[in-house]
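In what follows, a structure is listed as structure tokens, so that the remarks can point back to it.
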Amino acid sequence: MIFKLPEDELVFPDPAFADPDGLLAIGGDLRTERLLLAYRSGIFPWFSEGDPVCWYAPHERCVLFPDRIRISRSMRKVISSGIFNMTWNTAFSQVIGHCARVKRKEQTGTWITDEMQRAYIELHKNGHAASVEVWMDGMLAGGLYGVLMGRVFCGESMFSLVSNASKAAFIDICCSGRFSLIDCQVPNEHLISLGAEMIPMQDYLDILKG
């Protein structure tokens, strides 16, 4: 069952009611208060330009426990070479802008709409979202951003203008010691190769509330 969110009330249905593909509700807006309630409930927005806001709560969650990350020998050499300089929260707007613009395989357009960018920049200004920037020769080469839920980092998107840059940003998040779990939301081959795994939604919610 897909729920229609009331415009005048900040509320979400139980994630257990999500469709098999994870779609739980439509409607509402991307104000900070609603986004924070969503993430605290294991729910995130995902929609295309021109569509109503769609809220997802997959029955299985793709996550990575930082101490289980798999770093290849070649990637360790890249990191130790010093070719990349890593920073946090110095160019959030640039990172999310690049994530929206970078073309991806088998994807036309972007789900990181202008509305979405404004909403997450506002989250960042209020201390609820963070970015990792990867610099090479003084230029932004890659990065990622996500939402902060205590010791859980809810990853939203990443980009690379240089080979391995986004992977370096992801590894930096995992090795920072700041998080007990990285929420990857939905799986892909790249994340699985780094050690991401699927866990039941209830397990994810228990960790989130822990």
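Going by the working numbering, the letters in the sequence shown line up with residues 7 to 216, in that order. Think of the CB as a built atom: it goes at the ideal place given N, C-alpha and C, for glycine as much as any other residue.
Looking at residue i: is its Cβ nearer than 7 Å to the Cβ of residue j?
{"i": "F165", "j": "V108", "result": "yes"}
{"i": "C105", "j": "C190", "result": "no"}
{"i": "G152", "j": "R76", "result": "no"}
{"i": "G149", "j": "V101", "result": "yes"}
{"i": "A63", "j": "A24", "result": "yes"}
{"i": "L41", "j": "W61", "result": "no"}
{"i": "V158", "j": "L214", "result": "yes"}
{"i": "S47", "j": "F18", "result": "yes"}
{"i": "L154", "j": "A136", "result": "yes"}
{"i": "P51", "j": "M207", "result": "no"}
Three-state secondary structure (DSSP) at residue i?
{"i": "D73", "result": "helix"}
{"i": "D189", "result": "strand"}
{"i": "C60", "result": "strand"}
{"i": "V139", "result": "Looking at the sequence itself, residue 139 is Glu, so the reference to Val does not match. The answer is strand: DSSP assigns E139 an E or B state."}
{"i": "A66", "result": "Here residue 66 is Glu; the residue named in the question, Ala, does not match the sequence. Strand."}
{"i": "E195", "result": "helix"}
{"i": "I32", "result": "strand"}
{"i": "P21", "result": "helix"}
In the DSSP assignment, find the alpha helix (DSSP H) that holds residue i and state where it starts and stops.
{"i": "L214", "result": "207–215"}
{"i": "G103", "result": "98–107"}
{"i": "N122", "result": "According to the sequence as given, residue 122 is Met; it is not Asn. Start and end: 120–131."}
{"i": "L43", "result": "38–46"}
Around the Cβ of residue i, are there at least 16 other Cβ atoms within 10 angstroms (buried) or fewer (exposed)?
{"i": "K173", "result": "buried"}
{"i": "G115", "result": "Low per-residue confidence applies at G115: pLDDT is 47, beneath 50, and the placement is therefore not dependable, though the value from the model is reported in the following sentence. With fewer than 16 other Cβ atoms within 10 Å, it is exposed."}
{"i": "G156", "result": "exposed"}
{"i": "D178", "result": "buried"}
{"i": "C180", "result": "buried"}
{"i": "V59", "result": "buried"}
Closest to residue i by CA distance: which of the options is it?
{"i": "L129", "options": "C180, L29, E39", "result": "E39"}
{"i": "M81", "options": "L167, A171, R124, P21", "result": "A171"}
{"i": "A125", "options": "M207, D20, D35", "result": "D35"}
{"i": "G88", "options": "M204, W141, Q123", "result": "W141"}
{"i": "T93", "options": "G103, M145, E15, E203", "result": "M145"}
What span of residues does the beta strand (DSSP E) with residue i cover, start to end?
{"i": "F159", "result": "158–166"}
{"i": "I177", "result": "Where I177 is concerned, there is no enclosing beta strand (DSSP E), although the alpha helix (DSSP H) it sits in stretches over 171–180."}
{"i": "M155", "result": "145–155"}
{"i": "M92", "result": "91–94"}
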